[in-house]
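Our numbering numbers the first residue of the sequence shown as 339 and each following residue consecutively.
Glycine is no exception: its CB is placed at the ideal position from the N, C-alpha and C atoms.
Computed from a predicted structure; not experimentally measured.
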Amino acid sequence: MKNSDLLLVIGSRLSETVSQGYTLIESSSPKQPMIHVHPDPEELNRVYHTELAILSALSSFAHAVATLQPVPSNAWKSWTDAARADYLAHSTPALPHPQHTGVDMGSVVAHLNEVLPDNAVIANGAGNYTVWVHRFYRYRQPATELAPTNGAMGYGFPASIAAKLHDPKRTVICFAGDGCFMMYPQELATAMQYNAPIVVIVVNNGMLATIRMHQEREYPGRVSATELANPDFIALAKSFGAHAERVERSEDFPAAFQRAQKAGVAALIELRTDPRQITPQARLD
Ligand SMILES: Cc1ncc(C[n+]2csc(CCOP(=O)(O)OP(=O)(O)O)c2C)c(N)n1
Ligand SMILES: [Mg+2]
């Protein structure tokens with residue numbers, strides 16, 4: 339993006355994460371001209387001054403653009419092919435780190451890529467566990483992601499129940515961190531009472547990893563209030579009448595997921611992950 343001479347931004351808000359903390363593109367005036375296509379007028383010219391702001395639904399914009407003839411160019415082709423290869427390498431999970439213990443989130447998401455139908459809904463809250471989901475899961479249709487734009491923990495599980503009740507035929511999966519899930523465990527009662535057979539995958543690393551990451555970066559060695567004393571998630575979920583399983587090794591996830599999907603009631607899968615694996619590419623040690 340830094341090397342481009344024109345930015346055609348289709349549907350993105352270019353928020354903090356996508357813009358790498360507003361470093362990829364200069365705000366408020368990008369150094370290259372920007373054309374911004376977005377369906378929400380509030381987003382246009384809000385953070386970046388654009389050369390051209392296009393208020394449009396993405397499908398109609400895509401249909402309009404499809405009628406244009408691209409100008410053939412070898413330089414353009416090799417540049418975009420390389421960018422595409424970069425994207426594929428970045429969004430395909432690598433084998434687990436040699437020091438990795440417990441369940442590897444990359445292999446969990448890779449498995450879901452294979453077994454979930456195209457219209458499955460994936461919900462999440464906030465936390466570093468979402469990095470694996472958003473980086474490695476291939477969303478294949480519109481309206482398949484339920485996530486908080488404002489980064490609120492505690493969003494995913496209630497959202498997943500609502501999605502299932504709204505559209506009972508669709509598969510609905512929620513990813514929640516242990517910190518995230520502890521904001522709303524009582525919603526298991528709602529899922530049971532209203533018969534919402536979702537699968538909630540609790541990524542248990544025993545901490546608020548996002549905050550720990552900031553602590554390690556800004557004040558190395560000064561860990562404060564980011565460790566969690568969790569309940570027994572399996573006993574907790576079973577007390578509501580839900581199906582519940584703990585998974586401690588990546589290779590056990592596919593069978594556990596299949597059982598959870600067949601349970602016919604709300605199901606919780608607790609993944610024991612390596613607390614030192616703070617992101618897909620960074621370890622605390
Ligand atoms: C309601 C709310 N409170 C606090 C935060 C700040 N916050 C962002 S991520 C995070 C930790 C999340 O922990 P967990 O769910 O266990 O996920 P992990 O980072 O460990 O994968 C916190 C406290 C937030 N985003 N939302
Ligand atoms: Mg956690």
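beta-carbon residue i near ligand 1 non-hydrogen atom, thresh 7 Å
i	result
Asp516	yes
Leu574	no
Val356	no
Leu548	One point to set straight first is that residue 548 is Thr, not Leu, in the sequence displayed. Thr548 Cβ: within cutoff of ligand 1.
Gly465	yes
Cβ neighbour criterion (16 or more within 10 Å) applied to residue i
i	result
His374	buried
Arg597	exposed
Thr405	exposed
Tyr425	exposed
His376	buried
Asp419	exposed
Pro506	exposed
His401	exposed
Thr388	buried
Pro436	exposed
Ala563	exposed
Tyr487	Sequence inspection shows Thr at residue 487; the Tyr mentioned does not correspond to that position. Label assigned to Thr487: exposed.
Lys502	buried
Glu354	exposed
Ala593	exposed
Gln358	exposed
Alpha-carbon to alpha-carbon, residue j and residue i
i	j	result
His286	Leu566	Nothing in the structure corresponds to residue 286, since the chain is present only between 339 and 623.
His438	Met530	35 Å
Ser397	Leu622	42 Å
Gln619	Arg351	25 Å
Met521	Gly465	13 Å
Pro371	Arg422	22 Å
Gly515	Asn542	6 Å
Tyr629	Thr468	The question about residue 629 has no answer, for the chain in this structure spans 339 to 623.
Ala604	His428	33 Å
Arg478	Ser367	33 Å
Asp570	Lys600	23 Å
His432	Leu546	Note on residue identity: the sequence assigns Ala, not His, to residue 432. Their Cα atoms are separated by approximately 24 Å.
His552	Val409	46 Å
Thr430	Ala481	22 Å
Pro379	Gln407	28 Å
His472	Ala413	30 Å
Arg476	Leu484	14 Å
Gly544	Pro613	7 Å
Gly440	Lys340	38 Å
Leu362	Leu346	14 Å
Val561	Phe519	22 Å
Ile392	Phe595	43 Å
Gly489	Glu364	23 Å
Glu381	Asp590	43 Å
Phe399	Gly349	10 Å
Ser342	Ala395	25 Å
Pro523	Thr611	20 Å
Ile499	Ile539	13 Å
Near ligand 2: residue i beta-carbon under 7 Å from a heavy atom
i	result
Ala490	no
Leu606	no
Asn543	yes
Contact between the segment 556-567 and the segment 581-600 (3+ Cβ pairs under 8 Å): no
Given 8 Å, three or more beta-carbon pairs between the segment 519-536 and the segment 446-458: no
The segment 500-514 / the segment 460-476 touching (three or more Cβ pairs under 8 Å): yes
Segment contact flag, the segment 442-451 with the segment 495-504, C-beta cutoff 8 Å, min 3 pairs: no
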